[in-house]
Amino acid sequence: MQQRLTRLSLLISGIFMASSPAAFAADTTEVGKVTVQGTAGTAQDSGLIQAEETPKARSSVNRSYMEKQSPTGNPYQMINLLPGVNTYDNDGTGLFGGNIRVRGFNSDQLGFTINGAPVNDSGSFSVYPQEYTDAENLCEIFVTQGSTDTEAPHVGASGGNIGMTMCSPEDERRFRTSVTFGSNNLRKEYVRMDSGKIFDGKFKFFLSYSNTTADKFKGEGGADKQHLDFNSKLDLGSGSFIDTGFMYNTAVNNNYRSLTKAQIAQFGRDYDFGTKVPVHQPGGPGAQNDTNYGPNAGINNGNKDLYYGYNLNPFRNYLATMNAHFQLTPTSSVDVNPYMWYGFGTGGNQLQTLTEGNAGNQLGRGVRDINGDGDTLDTVFVYEGSRTRTFRPGVTLKYNQQIDNHRLMFGYWYERARHQQTGQYSTIDNNGNPADLWQNNSGAWLKNQDGSYVQYRDTLTISTGKSAFVQDSISMMQDKLNLQLGARYSSIDRDFTNNPSQSAGGFYTLKKSYSDLLPSFGLKYQIDQAQSVFFNAAKNFKAPGNFSYFGLISGGNFVNGVYTGGTVRNVPVDKETSWNYDLGYRYATDKWNVSGSLFYVDYHNRIASSYNPETASRTDYNVGDSTSKGFELESGYALTRNLSLYGSLSYIKSKMQDNMPWAANFSMPTAGKEFPDTPNWLSGLSLQYAQDSWYVFGQAKYTGRRYTTLVNDDAIGGYTVFNAGAGYTFPSAAWIKKPTVRFNIANLFDKQYLNLSSGSGSQFTTNAVAIGAAAPATAPSFYVSAPRTFTVTLTADF
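As structure tokens, this is what we get:
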């Protein structure tokens, strides 16, 4: 693998080496103070680095950075420059999702929270960044690279956590409106009302609404998103308060088609889903088959024009949070943090075929006449999405006590998620319209001859997560030395029910529990007012996703609609764990902030799709141990009162320890190989100039060459993407305040590159080149980069 740095990486390295801390010894600042808005002439001006006080590797962006970015951006885009973060967005707007890895850990191995509430999928731990927030209302996004917090509400985070915090309401009454327009017919309207302090100054709230639409940059289709945010703060006096938040999101967006290198070479980068509407063969006597009907040539054959209208992702969700803090005494307090998450939607490739009669249903029930031609002999195009509905209430309780030099925290987290996953079918007409886009109208669902619904899958997973945790922060040596000792015992109980469906014919239930004791140790020593060192060691764990429980029944058959003789196999996968170690140094003055750490990750029982000898097939399986080691650096420097510079640099070397079982008496040669989609080098750079009422910035992100398969027999090259932006605030008038115009450009030089399409770390392509007869070649697929994209935003207060 090519190991050299690009010129950009060398330039960023120079940021850390050009000056020594001694040169700035006269400039001191309060170490550990985290600011939300930068002050002119300080290292925090960029909003990309704060003076952290935790004994863990931690990076964050705040409001002063996010308010200068495109307001349609999702959280992945906002933290793209931070060290250790490897992320991409599917199209530049933030509306179509993307993926993120931190130190090689995939998004479904990271814990994600909003206002302290978990938002990973309760079944698979997947993350959908476009569905959560409006960027205008976020005040901080932080990343703890490698170690979750002791009180973090996670049972699926073996690789650290990412947290988002909503802004508090304004103290003064305000009405804000903004409109954004840009490339590909992008348009966003946003309004927000702040009440200001009311009820004798003890209560304030804000309410905002936005509507965002955009076309895809290639192919047909687009995105349509509506979002509602509410936040309030009630001051109870004596240090007690109650914060509440509510977020609602509903969106429908078409998918982008991922491509292999061969498809790109043959059809070009703009190849996408097709525009040909599938039509039904005219009904009549005998067996009709829509897939053989002449007007459908090239439809749904896995190679040509899959119809774009049936590759979409309708989804709606809401999240309600509360942070109730009760100051019992000057040295003791209680926090009560309940939350409720609800999500519903469908997705995938919704164009499917269904065969009428007994041939179309292994349950022996027989599918009814779909096309109304009087027989049950036909194969018909139908609409079927992966329908999911989740109810997820939970609560975290914490008690805090200061005793001399000890700051104690005890607590408990509990949640119960009800995760229903079904796959109903409904009809489509010859104009391409499905009877039920959202698959939420039971009157439109197709039925079997016995009156039951035809379903591709029908499962229910009830997941009960629990953590008991304790932490003691001990200050010694006149507050120069801080020790942080923590432990949590976390568990998740899965109660799974499989009802008969086309993918798993028999009824079965199973219960699985996963738990672990997760200790942590942190140390921070303040050398002087500017310099500190820290060390952290922490254990994390991730339970398997609930998809490991699907399709466990085998054998047997249906007699008069009753399944007999089948056996239910054991769940073939156990939890994965990791130990993360960080040794770091920080330097913080008014003009210069530096943070750097050496890290080592010891990763056990890694989950991947592998050979299961019990079934002689490939399923999620524990495939062995791995290690990762490297370093991360970030620095913010105020060159002048108006000019600020930020840089980050990351290096990682990962290594899989074992060969992966792949077939009977054959293993994939993965031992000694690196994790796919984990570039050795990452670096970021931001330069910002701000004066009075205007600002301008430029930024760049280098992503190094990385492998695309588990055996490292295919790779994609490194690339650098440049973004830029500028803004100007006009003088206020009697009826309008702070009228502002902002301009943002993503991918300034129209760089073309590829991003690996792998939504989960357990689903990587194994080998792009055949390894004998046991492992034929499988081509990895990619998303092509979005072209140059611009947005213009007009904002004003009234």
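Taking my numbering as reference, the numbering of the sequence shown is continuous, increasing by one, and the terminal residue is 1055.
C-beta atoms are modelled at their ideal positions from N, C-alpha and C, and glycine is treated no differently.
Predicted, not measured: the structure shown is a model, and the values here were computed from it.
Top-ranked residue by Cα proximity to N574, from N506, Q706 and N606: N506
Name, in chain order, the residues that DSSP records as bridge partners for P595. V652
Can you list, in chain order, the residues of its chain with a C-beta nearer than 6 angstroms to that of T754? Leave out the 5 residues immediately preceding and following it. L717 and T766
Please go through the region 825 to 865 and give each complete beta strand (DSSP E) segment of 3 or more residues, from N-terminal end onward. Here the runs fully enclosed are 833 to 845 and 849 to 861.
Residues sharing a beta bridge with K459, DSSP: Its beta-bridge partners do not exist; DSSP assigns none.
Which residues in the same chain have their Cβ closer than 6 angstroms to the Cβ of T335, if we skip the five residues on either side of it in sequence? Just to set this straight, residue 335 is Met in the shown sequence, not Thr. So the qualifying residues of the chain are V318, M323 and I398.
Alpha carbon to alpha carbon, what distance is there between Y669 and F726? 6 angstroms
CB of L338 within 9 angstroms of CB of Q956, strictly: yes
Secondary structure of I499, DSSP reduced to three states: Look at I499 here: in three-state DSSP terms it is strand.
With H, G and I counted as helix, E and B as strand and the rest as coil, what does DSSP make of T633? Looking at T633 - three-state DSSP - the assignment turns out to be coil, as it is neither helix nor strand.
Pick from A972, R1045 and S907: whose alpha carbon is nearest that of P1037? Here the closest residue by C-alpha is A972.
Is the region 563 to 571 touching the region 512 to 530 in the sense that three or more CB pairs, one from each, lie closer than 8 angstroms? yes
May I ask you to report which of helix, strand or coil DSSP gives P410? coil
Just to confirm before moving on: does the CB-CB distance between D626 and P542 stay below 9 angstroms? no
V342 versus Q948: straight-line alpha-carbon distance, rounded: 30 angstroms
Using the Cβ count rule (16 or more neighbours within 10 Å means buried), how would you classify K561? With a pLDDT of only 48 at K561, under 50, the local geometry of the prediction cannot be trusted, and no value is derived from it.
For A282, is the classification buried or exposed, using 16 other Cβ atoms within 10 angstroms of its Cβ as the cut-off for buried? Because A282 sits at a pLDDT of 35, beneath the cut-off of 50, its placement in the model cannot be relied upon, and the point is left open.
Near Q658, what residues of its chain come up, given a Cβ to Cβ distance below 7 angstroms and the 5 sequence neighbours on each side ignored? T588, S589 and L665
Beta bridge counterpart(s) of A920 as assigned by DSSP: F923
Just mark N418 as buried or exposed, buried being the case when its beta carbon has 16 or more other beta carbons within 10 Å. buried
Cβ-based neighbour list, K454, same chain, cut-off 6 angstroms, excluding 5 preceding and 5 following: Shown here for K454: same chain residues with a beta carbon closer than 6 angstroms to its own, the five before and five after excluded, namely D428 and K461 in chain order.
When you compare only the Cα positions, how much space is there between A300 and Y959? For A300 and Y959, the distance between alpha carbons rounds to 22 angstroms.
My output table needs one value for G289: the three-state DSSP class, helix, strand or coil. Note on G289: pLDDT 33, under 50, position unreliable in the model; the coordinate value appears next. Looking at G289 - three-state DSSP - the assignment turns out to be coil, as it is neither helix nor strand.
By DSSP's criteria, Q483 is part of a beta bridge. Which residues make up the other side? N468 and T507
Which residues mark the beginning and the end of the alpha helix (DSSP H) in which A522 is found? Note, A522: alpha helix (DSSP H), K518 to F524.
Take the Cβ of G351 as the centre, count every other Cβ of all protein chains shown within 10 Å, and call the residue buried at 16 or more, exposed below. buried
Starting from M421 and walking both ways along the alpha helix (DSSP H), at which residues does that stretch end? Segment G417 to M423 is the beta strand (DSSP E) holding M421; no alpha helix (DSSP H) there.
Using the rule of at least 16 other Cβ atoms within 10 Å of the residue's Cβ for burial, across every protein chain shown, is A845 buried or exposed? buried
Need the endpoints of the beta strand (DSSP E) that Y782 sits in, please. Y782 -> beta strand (DSSP E) spans Y765 to Q783.
Pick from I371, A991, I784 and F798: whose alpha carbon is nearest that of G403? F798
My output table needs one value for P332: the three-state DSSP class, helix, strand or coil. helix
Going by the DSSP bridge assignment, what does P375 pair with across the sheet? T370
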